[in-house]
Amino acid sequence: MKYILYMAVLVLASCKLDNYPAPEAGLSGRFLDAETNEPVGQDLGNGVVVELREHGYNPVTPQGIAVKADGSYQNKMLFANTYSIVPTAGNFNPIDTQTVVIKGQTVFDFKVTPYLRVKDTHIEVVGTKVVAKFKVEQVNTDVPVQQIGLYADVFPNVGRYAQVALIEQDIYDFVDPNQEYTLELDIPANSDNLKVGSQYYFRVGALIQIDQAKTNYGPTFRLTL
Numbered sequence: 001m002k003y004i005l006y007m008a009v010l011v012l013a014s015c016k017l018d019n020y021p022a023p024e025a026g027l028s029g030r031f032l033d034a035e036t037n038e039p040v041g042q043d044l045g046n047g048v049v050v051e052l053r054e055h056g057y058n059p060v061t062p063q064g065i066a067v068k069a070d071g072s073y074q075n076k077m078l079f080a081n082t083y084s085i086v087p088t089a090g091n092f093n094p095i096d097t098q099t100v101v102i103k104g105q106t107v108f109d110f111k112v113t114p115y116l117r118v119k120d121t122h123i124e125v126v127g128t129k130v131v132a133k134f135k136v137e138q139v140n141t142d143v144p145v146q147q148i149g150l151y152a153d154v155f156p157n158v159g160r161y162a163q164v165a166l167i168e169q170d171i172y173d174f175v176d177p178n179q180e181y182t183l184e185l186d187i188p189a190n191s192d193n194l195k196v197g198s199q200y201y202f203r204v205g206a207l208i209q210i211d212q213a214k215t216n217y218g219p220t221f222r223l224t225l
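Take the sequence shown: its letters are residues 1 to 225, numbered as in my numbering.
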């Protein structure tokens, strides 16, 4: 009898725990260039993380939302409350922590100044090579550009850390925004991963010489080899 009573109390306690309301709110948005209003693309898996700290708890464990390759982010399972949010090390000038009241599905866009802008990008197949032509605008003129690169992948989230083939060039210098750069990815030399007749995604990236900085990207191109 005592055992049955104990189990009944345990079941009631479990029911109380299970009756807490589920997260009913969410947060989404984009990272936009403060000057051009264009999305600031990121690396998939190694890009920016939006860090959230819910108010009213001490200590509070921060939550993180990974930013997608197109510069958007989303978490539909948050509790309605006031949060402090800030992006971690990214490919733009650091910004201050923001206070956001999350109620329902809340949208909050970050307006940022990217370290670099990859501009006037054109990528095409020329003979046995994929040729990218582009310019790099240095928004931070006091820090040199470290590297430029052309990346290929079977998925549209292509980038420095999501690619099946790449060609990179070290710069370690300041750049002229009017200078056109050319990168050529040799298809036969990458025949294990690049198959003639197949479709791939390509994106140009440029990395500034700042500790923990992420790569800035131009638009994604879809090409058939």
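Every residue, glycine too, gets a C-beta built ideally from N, C-alpha and C.
**Study point:** Close-in-space but distant-in-sequence residues of the same chain around residue 107 (CB under 6 angstroms, 5 per side omitted)
**Key:** 28, 29
Exercise for review: Report back the beta-carbon spacing between residue 95 and residue 81 to the nearest angstrom; my notes put them in contact at under 8 angstroms.
Suggested key: About 22 angstroms; that fails the 8 angstroms criterion.
Review point. When you compare only the Cα positions, how much space is there between residue 222 and residue 198?
Key: 11 angstroms
Review point. What are the residues that DSSP puts in a beta bridge with residue 25?
Key: 78
**Study point:** Whole runs of the beta strand (DSSP E) within the region 134-198, excluding any shorter than 3 residues
**Key:** 145-153, 165-173, 180-186
Exercise for review: Could you check if residue 73 is buried or exposed, using at least 16 other CB atoms within 10 Å of its CB as the buried criterion?
Suggested key: buried
Exercise for review: Out of 220, 213, 191, state which residue places its alpha-carbon closest to the alpha-carbon of residue 39.
Suggested key: 220
**Study point:** Close Cβ partners of residue 183 (< 6 angstroms) along its chain, the five nearest in sequence each way excluded
**Key:** 132, 150, 167
Practice item. Write down the C-beta distance between residue 68 and residue 42 rounded to the nearest angstrom, noting that I regard them as a contact closer than 8 angstroms. Key: 7 angstroms
Review point. Could you give the C-beta distance for residue 137 and residue 119, rounded to a whole number, given that I count them as a contact under 8 angstroms?
Key: 6 angstroms
Point to revise | Distance between residue 188 and residue 85 (C-alpha atoms, nearest Å) | key: 47 angstroms
Practice item. Would you check if the distance between the CB atom of residue 64 and the CB atom of residue 50 is smaller than 8 angstroms? Key: yes
Check your understanding: From residue 201 to residue 224, what distance separates their C-alpha atoms?
Key -> 9 angstroms
Check your understanding: Of the choices 48, 79, 98, 66, whose alpha-carbon is the least far from that of residue 88?
Key -> 48
Check your understanding: Using the rule of at least 16 other Cβ atoms within 10 Å of the residue's Cβ for burial, across every protein chain shown, is residue 121 buried or exposed?
Key -> buried
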